[in-house]
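Chemist: The number in my numbering is simply the position in the sequence shown, starting from 1, with 17 added.
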Amino acid sequence: MINKMKGIVLFMWSCWKLNLAGAMEFRLSFLLTAGMMMVNNAVWILFWGIYFQRFQVVNGWTLQDVMMMWAVSSGGFGLSAVLFGNAYRIASLVAAGQLDIYLSQPKPVLLHILISRMSVSAIGDILFALIIYAFFGNLSMLGIGKFVLALLVAMLIFMFFVVIAQSLAFFIGNAEGIGQQLFNGMLACSTYPTGIFRGAGKLILFTIIPAGFISYMPIGLLRSIEPVFLLQALGVAFFLTIGGTAFFYYGLKRYSSGNMMGMRM
Numbered sequence: 018m019i020n021k022m023k024g025i026v027l028f029m030w031s032c033w034k035l036n037l038a039g040a041m042e043f044r045l046s047f048l049l050t051a052g053m054m055m056v057n058n059a060v061w062i063l064f065w066g067i068y069f070q071r072f073q074v075v076n077g078w079t080l081q082d083v084m085m086m087w088a089v090s091s092g093g094f095g096l097s098a099v100l101f102g103n104a105y106r107i108a109s110l111v112a113a114g115q116l117d118i119y120l121s122q123p124k125p126v127l128l129h130i131l132i133s134r135m136s137v138s139a140i141g142d143i144l145f146a147l148i149i150y151a152f153f154g155n156l157s158m159l160g161i162g163k164f165v166l167a168l169l170v171a172m173l174i175f176m177f178f179v180v181i182a183q184s185l186a187f188f189i190g191n192a193e194g195i196g197q198q199l200f201n202g203m204l205a206c207s208t209y210p211t212g213i214f215r216g217a218g219k220l221i222l223f224t225i226i227p228a229g230f231i232s233y234m235p236i237g238l239l240r241s242i243e244p245v246f247l248l249q250a251l252g253v254a255f256f257l258t259i260g261g262t263a264f265f266y267y268g269l270k271r272y273s274s275g276n277m278m279g280m281r282m
């Protein structure tokens, strides 16, 4: 068992190194792509900065809280897209019958799919999150530890929510559009303070589209630890991880081969 786990870890590490090496072959493109993503995020930070010049608090949220929300959201998404970038392409792979390559390899199918691609632009999201945290975050060991935990929880919620959305392709055919729309809704909702939502909107934010467990991190974990919220966030991350994995493999039973030949490591 230990040797098997060691083999999986080495396999993941090898894939990540190859993905990064492939991205670095075109360094100018890599720098421009990552840089533009940072600029895109910075525009929103500028907007919030201007807003807080006129209004110091938004339903209990300060400028630092909003900055931490962006750090957690962009960092969590960035980690999911860099380390497990193929999660965002599962629907297209299913629709095109391109899972054959992964099915033919003696590796866990879902893991193999997830780590076989990297989003270069998402590296900019990770760098952006680290820069924002360096300026606005708590740089103590406890503060950094809480931030790392928040990033990991956000990464799992993003990734397996997307796995579930993309795996709809097994049941309804071409689900690229709906998968992208669900992800866009998730990402957009995770970058607004939960305090501005009321009633049904807030209910959706913590159930159907669980972005609230990401956007509330600055209040429920980074500012001060709220045990109930933290347990709920960890529970949602765990549930989505188990549920998303089970949903993918259940849908995989319905997969029709595209009769494609190819080789993976």
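We treat Cβ as the ideally placed atom computed from N, Cα and C, and that holds for glycine.
Going by DSSP, what residue range makes up the alpha helix (DSSP H) through G77?
Modeler: Counting along the chain, G77 falls outside any alpha helix (DSSP H), and DSSP gives it neither H nor E.
Chemist: If we count Cβ pairs, one from each stretch, closer than 8 Å, do we get three or more for the region 206-220 versus the region 76-93?
Modeler: Yes: at least three Cβ pairs fall under 8 Å.
Chemist: Measuring alpha carbon to alpha carbon, tell me which residue in A108, Y267, L49 and G260 is nearest I140.
Modeler: Of A108, Y267, L49 and G260, the residue nearest in Cα terms is L49.
Chemist: From G194 to Y105, what distance separates their C-alpha atoms?
Modeler: Near 11 Å, if we compare the C-alpha coordinates of Y105 and G194.
Chemist: In chain order, which continuous runs of the alpha helix (DSSP H) of length 4 or greater are located wholly inside the region 60-112?
Modeler: 80-100 and 107-112, all fully within the region 60-112.
Chemist: DSSP three-state label for T224, please.
Modeler: Residue state, collapsed to three classes: coil.
Chemist: Can you give me the C-alpha to C-alpha distance between L127 and G237, rounded to a whole angstrom?
Modeler: If I take the Cα positions, the gap works out to 32 Å.
Chemist: Compute the beta-carbon to beta-carbon distance between D142 and G102, rounded to the nearest angstrom, for a pair I have assumed lies under 8 Å.
Modeler: Not a contact, Cβ separation roughly 12 Å.
Chemist: Quick check: L168 and T258, are their CB atoms within less than 8 Å of each other?
Modeler: It is not a contact, given that the beta carbons lie outside the stated cut-off.
Chemist: To the nearest whole angstrom, what separates the beta carbons of W87 and I149, a pair I think is in contact under 8 Å?
Modeler: About 6 Å separates the two Cβ atoms, so the contact holds.
Chemist: Counting only the same chain and skipping the five closest in sequence on each side, list residues whose C-beta sits under 8 Å from that of G279.
Modeler: Residue placement at G279 cannot be trusted, given a pLDDT of 47 that sits under 50; the coordinates are not used to answer.
Chemist: Between the region 259-271 and the region 244-251, can you find at least three pairs of beta-carbon atoms closer than 8 Å?
Modeler: As far as the Cβ criterion goes, the region 244-251 does not touch the region 259-271, which means the pair count is below three.
Chemist: Going by DSSP, what residue range makes up the alpha helix (DSSP H) through Q183?
Modeler: Looking at the DSSP string, the run of the alpha helix (DSSP H) that includes Q183 is M158 to Q183.
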